[in-house]
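**Q** Note that the protein sequences, when read in sequence, are chains S and E.
Our numbering runs 86 ahead of the 1-based position in the first sequence.
Our numbering runs 86 ahead of the 1-based position in the second sequence.
Where is the CB? At the ideal position from N, CA and C, for every residue including glycine.
Protein chains: 2
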Amino acid sequence: MPNTADELMLHLQAAGVSACFANPGTTELSMVDALERCSGIRTVLGLHETVCTGAADGYSRLSGRPSLALLHHGPGLANGLANLHNARRGRSPVLTLVGESSEEHNRLQPPLACDARALAGTVSAWVERPGTPGEVEGMVNEAMLHCGGYPGRPAVLLLPDPLLATACKPFAPPPPSEVQWPVVPDSRIEAAAEAFQSGPVAFLLAASGSLARGVTAAGRISAETGAQLFCETFPARVSRGIAPITRMPYFPEAALEAFSHFGTVILAGAPEPVTFFDYTPTGGRLIPTEVRVLTLATPEEDAADALERLAARLHATAAAEFKRPDHDKPQADALLTPDLMGEVLGSSLPDPCVVVDESLTSGRTFWIHSESSPRHELMALTGGAIGQGLPCAVGAAVASPDRRVVALQADGSGLYSLQSLWTMARERLDVTVVICANRAYRILELELKRAGIRPPGTVARRMCTLDGPAPNWVSLADGFGVPGVRVETAGQLEHAFRQSLHVPGPTLIEAILT
Amino acid sequence: MPNTADELMLHLQAAGVSACFANPGTTELSMVDALERCSGIRTVLGLHETVCTGAADGYSRLSGRPSLALLHHGPGLANGLANLHNARRGRSPVLTLVGESSEEHNRLQPPLACDARALAGTVSAWVERPGTPGEVEGMVNEAMLHCGGYPGRPAVLLLPDPLLATACKPFAPPPPSEVQWPVVPDSRIEAAAEAFQSGPVAFLLAASGSLARGVTAAGRISAETGAQLFCETFPARVSRGIAPITRMPYFPEAALEAFSHFGTVILAGAPEPVTFFDYTPTGGRLIPTEVRVLTLATPEEDAADALERLAARLHATAAAEFKRPDHDKPQADALLTPDLMGEVLGSSLPDPCVVVDESLTSGRTFWIHSESSPRHELMALTGGAIGQGLPCAVGAAVASPDRRVVALQADGSGLYSLQSLWTMARERLDVTVVICANRAYRILELELKRAGIRPPGTVARRMCTLDGPAPNWVSLADGFGVPGVRVETAGQLEHAFRQSLHVPGPTLIEAILT
Numbered sequence: 087m088p089n090t091a092d093e094l095m096l097h098l099q100a101a102g103v104s105a106c107f108a109n110p111g112t113t114e115l116s117m118v119d120a121l122e123r124c125s126g127i128r129t130v131l132g133l134h135e136t137v138c139t140g141a142a143d144g145y146s147r148l149s150g151r152p153s154l155a156l157l158h159h160g161p162g163l164a165n166g167l168a169n170l171h172n173a174r175r176g177r178s179p180v181l182t183l184v185g186e187s188s189e190e191h192n193r194l195q196p197p198l199a200c201d202a203r204a205l206a207g208t209v210s211a212w213v214e215r216p217g218t219p220g221e222v223e224g225m226v227n228e229a230m231l232h233c234g235g236y237p238g239r240p241a242v243l244l245l246p247d248p249l250l251a252t253a254c255k256p257f258a259p260p261p262p263s264e265v266q267w268p269v270v271p272d273s274r275i276e277a278a279a280e281a282f283q284s285g286p287v288a289f290l291l292a293a294s295g296s297l298a299r300g301v302t303a304a305g306r307i308s309a310e311t312g313a314q315l316f317c318e319t320f321p322a323r324v325s326r327g328i329a330p331i332t333r334m335p336y337f338p339e340a341a342l343e344a345f346s347h348f349g350t351v352i353l354a355g356a357p358e359p360v361t362f363f364d365y366t367p368t369g370g371r372l373i374p375t376e377v378r379v380l381t382l383a384t385p386e387e388d389a390a391d392a393l394e395r396l397a398a399r400l401h402a403t404a405a406a407e408f409k410r411p412d413h414d415k416p417q418a419d420a421l422l423t424p425d426l427m428g429e430v431l432g433s434s435l436p437d438p439c440v441v442v443d444e445s446l447t448s449g450r451t452f453w454i455h456s457e458s459s460p461r462h463e464l465m466a467l468t469g470g471a472i473g474q475g476l477p478c479a480v481g482a483a484v485a486s487p488d489r490r491v492v493a494l495q496a497d498g499s500g501l502y503s504l505q506s507l508w509t510m511a512r513e514r515l516d517v518t519v520v521i522c523a524n525r526a527y528r529i530l531e532l533e534l535k536r537a538g539i540r541p542p543g544t545v546a547r548r549m550c551t552l553d554g555p556a557p558n559w560v561s562l563a564d565g566f567g568v569p570g571v572r573v574e575t576a577g578q579l580e581h582a583f584r585q586s587l588h589v590p591g592p593t594l595i596e597a598i599l600t
Numbered sequence: 087m088p089n090t091a092d093e094l095m096l097h098l099q100a101a102g103v104s105a106c107f108a109n110p111g112t113t114e115l116s117m118v119d120a121l122e123r124c125s126g127i128r129t130v131l132g133l134h135e136t137v138c139t140g141a142a143d144g145y146s147r148l149s150g151r152p153s154l155a156l157l158h159h160g161p162g163l164a165n166g167l168a169n170l171h172n173a174r175r176g177r178s179p180v181l182t183l184v185g186e187s188s189e190e191h192n193r194l195q196p197p198l199a200c201d202a203r204a205l206a207g208t209v210s211a212w213v214e215r216p217g218t219p220g221e222v223e224g225m226v227n228e229a230m231l232h233c234g235g236y237p238g239r240p241a242v243l244l245l246p247d248p249l250l251a252t253a254c255k256p257f258a259p260p261p262p263s264e265v266q267w268p269v270v271p272d273s274r275i276e277a278a279a280e281a282f283q284s285g286p287v288a289f290l291l292a293a294s295g296s297l298a299r300g301v302t303a304a305g306r307i308s309a310e311t312g313a314q315l316f317c318e319t320f321p322a323r324v325s326r327g328i329a330p331i332t333r334m335p336y337f338p339e340a341a342l343e344a345f346s347h348f349g350t351v352i353l354a355g356a357p358e359p360v361t362f363f364d365y366t367p368t369g370g371r372l373i374p375t376e377v378r379v380l381t382l383a384t385p386e387e388d389a390a391d392a393l394e395r396l397a398a399r400l401h402a403t404a405a406a407e408f409k410r411p412d413h414d415k416p417q418a419d420a421l422l423t424p425d426l427m428g429e430v431l432g433s434s435l436p437d438p439c440v441v442v443d444e445s446l447t448s449g450r451t452f453w454i455h456s457e458s459s460p461r462h463e464l465m466a467l468t469g470g471a472i473g474q475g476l477p478c479a480v481g482a483a484v485a486s487p488d489r490r491v492v493a494l495q496a497d498g499s500g501l502y503s504l505q506s507l508w509t510m511a512r513e514r515l516d517v518t519v520v521i522c523a524n525r526a527y528r529i530l531e532l533e534l535k536r537a538g539i540r541p542p543g544t545v546a547r548r549m550c551t552l553d554g555p556a557p558n559w560v561s562l563a564d565g566f567g568v569p570g571v572r573v574e575t576a577g578q579l580e581h582a583f584r585q586s587l588h589v590p591g592p593t594l595i596e597a598i599l600t
């Protein structure tokens, strides 16, 4: 008779799970052993749990399917929370499995004991722990249903190790799992169509509204009506190269200004945007109070369908067009700035590719320079928990072995999860990592200025700069088995970047920015 | 009029806080700015929150004084939890300060919003958040009282950023903070003395029972009575070189065997030990049921005082003696094994020094070989949350600039928090890091065997080994500005280790183990 761990893993495999990002401990060994018999699940080791949860997030956002993060209990789960926070904000269907001790053993307060439910509850509305082997089958079906597809939701299943090792009856085949998002009522299509009567219209696209179907329909509406398309400042996933989309500015003054030109902002898959922090005097708003905000579809609804119906209602059939920017080719020997870096990369993106963008302050102009690049999916840092980019690139590359993944990575954030490089090397993932090496937490320098703390004192300067010594990313990459190169000019970056596309496996390019 | 952040930091400085390990974000900038005016607090940047909390733990365990971990809210706190878990288990008085948004802003669900109280509650019994500037002074006094000294307790103070920026009245000078642990009643001294009537006695020393005063008294008792002294498998801090102390074995069979020779085990500052995991058939116990367990002092009581009173009661005045092991000097060209590594390091420890031991499986014999080394403090991984060693070494070196810190570090665990190396380089800390490079999670291999999963399959092997590629620690160290060297023989290790002691600042030695 198989044990519960075997049945669980075979069941997940039958339900379509094909990737497991793991850093197991003793209480997960029966699940590891069960994975031996699941050739349909690729099990990938991360050297820290943040790699595992971030990779599962990237995999699930891109594939639209639940993936597994297999973590050790207590501190193992705690280590994975930051990227589960990003997964939650990114509506990514990550199913986290945690091996646990029995309650009886936990009452003895062994060294690893801690409140896993409290930890898990901060990143998932669905947290369960079976008390008997018989409960596992129902719970895992419920978890998969909760996860859904993309956009979906993370879930956490806490599994006592002694229970997993217990023999159990074979599970029934998993129920069919086609994900259906609620369709919005006609009244909302009508209200959106009427908005065009009262001044210029902007759309804020997110969730399924920023995937290919949604963007295609929004592009038609834009071409027909002149409406401007925006995406969130840090989109979970956006399909680019279909229609021109403006990225919402980060700072409130700039966002308020950008939206002030419109009579209505229509939310298509996006919640109303709010600032990261309590900024005075603007408060949390990013859309001026005098602009009307209309919800066409919430993130949980079928925003793509709503946009298609609105396009039909508006008789918008012509595809969006891009104004191709007419750049002078940058001087090959020009020292790299964030802007030059964006220009070089924007004109060099391969077709097909996936861009994982945690470039933060350094990448602001990459967006503009890559607007008319070949079609690609872009995924960004959704929850502000830095260190998401490199793990996300791992997951994206596992989900999509036929596309090059370009990870545009701020250096300070990249240092949060640099262990991801080892997984890229071990799994021979086709990832080009571009480190935006400004050797600073530049956003903090900007926020210091904004807070009126100027000039910053010695302590503040030391908290914002990554120097004395500056990390050497080429050495760090070498330490994890990834070939690396340092570039300082536009020509060097272009050469290194284009070359990396022809070399199987990962490459790291440290772009020194001035 | 100063703002609340200024008053808070000046108050903490006046209360004796002298180190702050920080990775601040926007909501902590007023505290960073306040630190400009606290020249008595050394503010040290960590590249990941786990470095900050682990360093604060190391600092507080060694100095016996509260230190600060200054973290960003939400995911920043989450990233620091693993080492706060170790701090809690190690009874380390770490005060974590977290900047927060206002409740009003959090209600908007901004990207970083998450339940900080739930996170903090998993690692600290004391979590508070002031609602008005006037509450801050009382709360910080309460937090410092809760933290106490070492042994003490961690505390978490959540501080809304808008409140910190508000002007406030000057705080009163901090109350006197001499830490006093409860003294145990005479009846317990008497009961312990009587235990010697009924068979051989062992002591399990921890908390103040394993610091110099406690060990000195226990050593006298041992010399007088023949009692054997044990410390926990993973001691928070133990003063070595005073009396012979046996480290409790990790696996239950070995621990049960070790204690089976005694009529009584007397707990002096230690709780009754339990296994990490639900092992069958032994359950959670590590002391056989037929052995009497007697509490002389709980971890919260004054175990050192109790041991001194017991020594007086037993008229034990002669100091403990060591049997100096009579080793042949290892062959210089012998390839390193864990045992040889222990032998070389045990015979080379400088005087004075601090040993931070997260060597796990590789370091089992180091303990024996260093038993009669010069007096040193040893601090180990207390809560099983791996990745504690390198951060702890950072904190120990800041706390104790007059002593070399030797960090004996397992490679798999070291990769959890390798960012610590950068802080060692930047702060020019006198740390010698010895990486025990067995390129495996060896403990998992042992646990697989124990669980009867043998031979392990392909998936299990890939989850337990750190190869294909093996990390290159010399490159990783170079990437963070720390000079490194790889050694493969006993002679090379001895040479590199002794040389590192004469070079100011950090050195990393990658010891390849066979």
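In chain order, what are the residue ranges of uninterrupted beta strand (DSSP E) at least 3 long that sit wholly in the stretch 415 to 471 of chain E?
**A** Listed in chain order, the beta strand (DSSP E) runs fully inside the stretch 415 to 471 of chain E are 439 to 444, 462 to 466, counting runs of at least 3 residues.
**Q** Nearest by alpha-carbon distance to Lys409/E: which of Pro246/E, Glu457/E, Val517/E is it?
**A** Glu457/E
**Q** Compare the C-beta of His191/S with all C-beta atoms of chain E and state if any pair is closer than 8 Å.
**A** So yes, His191/S belongs to the interface.
**Q** Taking the C-alpha atoms as reference points, what is the distance between His134/E and Ala471/E?
**A** 15 Å
**Q** Go through its chain and collect everything with a Cβ distance to Pro259/S's Cβ below 8 Å, but skip five positions before and after it.
**A** Ala100
**Q** To the nearest angstrom, report how far apart Gly162/E and Leu205/E are at their CA atoms.
**A** 11 Å
**Q** Note the first and the last residue of the continuous beta strand (DSSP E) segment covering Val573/S.
**A** 570 to 573
**Q** Can you give me the C-alpha to C-alpha distance between Ala253/E and Gly554/E, rounded to a whole angstrom?
**A** The C-alpha of Gly554/E is placed about 57 Å away from the C-alpha of Ala253/E.
**Q** Could you list which residues in chain S have their beta carbon closer than 8 Å to that of Ser561/E, in chain order?
**A** Ser561, Leu562, Asp564, Gly565
**Q** Could you say if the stretch 499 to 508 of chain E and the stretch 128 to 144 of chain E meet the contact criterion of at least three C-beta pairs nearer than 8 Å?
**A** yes
**Q** Between Arg525/E and Leu507/S, what straight-line distance do the alpha-carbon atoms span, to the nearest angstrom?
**A** Take the alpha-carbon of Arg525/E and the one of Leu507/S: they are about 16 Å apart.
**Q** Which whole-angstrom value is the C-beta distance of Thr575/E and Ala418/E, which I expect to be below 8 Å?
**A** 6 Å
**Q** Just to make sure I have the definition right: I need the residues of chain E whose C-beta is within less than 7 Å of the C-beta of Arg333/S. Which are they?
**A** None at all; the shortest Cβ gap to chain E is about 15 Å.
**Q** Under a three-way DSSP split, which group does Cys317/S fall into?
**A** strand
**Q** Below 7 Å on C-beta distance, what does Gln613/E contact in chain S?
**A** Since the displayed chain E opens at 87 and closes at 600, residue 613/E lies outside it and no answer follows.
**Q** Grouping DSSP H, G and I as helix and E and B as strand, with all else coil, what is Cys106/S?
**A** Assignment of Cys106/S by DSSP, reduced to helix, strand and coil, places it in the strand class.
**Q** With three or more C-beta pairs closer than 8 Å as the rule, is the stretch 112 to 129 of chain S touching the stretch 87 to 94 of chain S?
**A** yes
**Q** Residues in the same chain with beta-carbon distance under 7 Å from Ala202/E, minus the five sequence neighbours each way, listed in chain order, please.
**A** His159, Gly160, Leu163, Val184, Glu186, Leu244
**Q** Does the structure place the stretch 206 to 219 of chain S close enough to the stretch 477 to 489 of chain E that three or more beta carbon pairs sit under 8 Å?
**A** no
**Q** Which first and last residues belong to the alpha helix (DSSP H) in which Phe289/E is found?
**A** No alpha helix (DSSP H) holds Phe289/E; the beta strand (DSSP E) holding it covers 287 to 291.
**Q** Does the stretch 106 to 114 of chain E come close enough to the stretch 512 to 525 of chain S that 3 or more CB-CB pairs lie under 8 Å?
**A** no
**Q** Less than 8 Å between CB atoms is the rule here; does Asp201/S satisfy it with respect to chain E?
**A** yes
**Q** Check Ser506/E in the structure and name its three-state DSSP category.
**A** helix
**Q** Please check the pair Gly235/E and Ala292/E, which I expect to be a contact at CB under 8 Å, by giving their CB distance rounded to whole angstroms.
**A** That belief does not hold up - the Cβ atoms of Gly235/E and Ala292/E are roughly 15 Å apart, past 8 Å.
**Q** Please check if any C-beta of chain E sits within less than 8 Å of the C-beta of Thr90/S.
**A** no
**Q** Just the C-alpha distance for Arg489/E and Pro487/S, rounded to the nearest angstrom, thanks.
**A** Approximately 51 Å, taken between the alpha carbons.
**Q** Could you list the residues in the stretch 168 to 193 of chain E with a C-beta less than 7 Å from some C-beta on chain S, going in chain order?
**A** Ala168, His171, Arg175, Ser187, Ser188, His191
**Q** Going by beta carbon distance, what residues of the same chain come within less than 7 Å of Ser445/S, once the five residues before and after it are set aside?
**A** Phe452, Leu494, Gln495, Ala496, Cys522
**Q** Using a beta-carbon distance below 8 Å, is Glu533/E in contact with chain S?
**A** Chain S contact via Cβ: present.
**Q** Expressed to the nearest angstrom, what Euclidean distance is found between the alpha-carbon atoms of Pro216/S and Ser116/S?
**A** 16 Å
**Q** Kindly list the residues whose CB is nearer than 6 Å to the CB of Ala383/E, restricted to its own chain and excluding five residues on each side of it in sequence; keep chain order.
**A** Val270, Ala354, Gly355, Ala389, Ala392
**Q** Shorter than 8 Å from the beta carbon of Leu80/E to some beta carbon of chain S?
**A** No information on residue 80/E is available, as it lies outside the stretch 87 to 600 that chain E covers here.
**Q** When the distance is taken between beta carbons, is Trp267/E closer than 8 Å to Glu386/E?
**A** yes
**Q** Does DSSP put Ala377/S in a helix, in a strand, or in coil?
**A** As written in the sequence, residue 377/S is Val, which differs from the Ala given in the question. Correct three-state label for Val377/S: coil.
**Q** How should Leu173/E be labelled, buried or exposed, when 16 other C-beta atoms within 10 angstroms of its C-beta is the threshold for buried?
**A** Reading the sequence as shown, one finds Ala at residue 173/E and not Leu. Buried.
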